[in-house]
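Heads up, the thing below is written out as structure tokens.
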Amino acid sequence: MRYRRNAPFRYAFEHPLTAHFYISKVNNEIVKSSNGEATIIDISPDGARLNTSLHLHPSADNLIQLILTFKLNNQEFDIRTEVIWEKPKAKSYDYGVQFITDDVTKKQLTEQLKIYARNHVTDSI
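Numbered continuously in the UniProt record's numbering, the sequence shown closes out at residue 125.
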């Protein structure tokens, strides 16, 4: 699996953001799994890094799409994503997901991330 971390704007949460997801497609076949819990480690308008205890088994032969739901500044987002990479951790897995969404949603997400960042500035001086 490849790592794509070249987004021009990526926000890393000091305290990961709670999210929920379900699997919506496997190899272009529509499915609906039960909900899973995840945390969003970092995010950009194009994608995110998630952590979950669930092993999704993505690969070139096993393409997985998720519907990712999270709330940022009281605005809820439901975004279709594709799992791009997987990194096993001690008792969980990190996943890189690419957003499959329109420019309006990307703009709303960018605006909400800017507000969130302003409200969560840590003073390092």
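Glycine residues also receive a C-beta, built at the ideal position from the N, C-alpha and C atoms.
- Query: Exposed or buried, Ala-19, counting other C-beta atoms within 10 Å across all chains shown (16 or more means buried)?
  - Reply: buried
Taking Gln-108 as the reference, give the member of Asn-74, Gln-98 and Ile-84 with the closest Cα. Asn-74
Over what stretch of residues does the alpha helix (DSSP H) that includes Asn-119 continue unbroken? 103–119
Q. The beta strand (DSSP E) spanning Arg-49 covers which residue range?
A. Segment 47–52, the beta strand (DSSP E) holding Arg-49.
* Taking the Cβ atom as the reference point for each residue, do Asp-94 and Asn-62 lie within a distance shorter than 8 Å? -> no
Would you mind stating whether Phe-13 and Leu-68 have Cβ atoms separated by less than 8 Å? At a Cβ-Cβ threshold of 8 Å, Phe-13 and Leu-68 do not count as neighbours.
_Quick check on Ile-100: buried or exposed, where buried means 16 or more other Cβ atoms within 10 Å of its Cβ?_
exposed
**Study point:** Straight-line gap, Asp-42 to Asn-119 (C-alpha atoms, nearest Å)
**Key:** 16 Å
Worksheet item: Taking buried to mean at least 16 other C-beta atoms within 10 Å of its own C-beta, is Val-121 buried or exposed?
Response: exposed
Quick one: give me the first and last residue of the beta strand (DSSP E) that Phe-9 is part of. Phe-9 -> no beta strand (DSSP E), and no H or E assigned at all.
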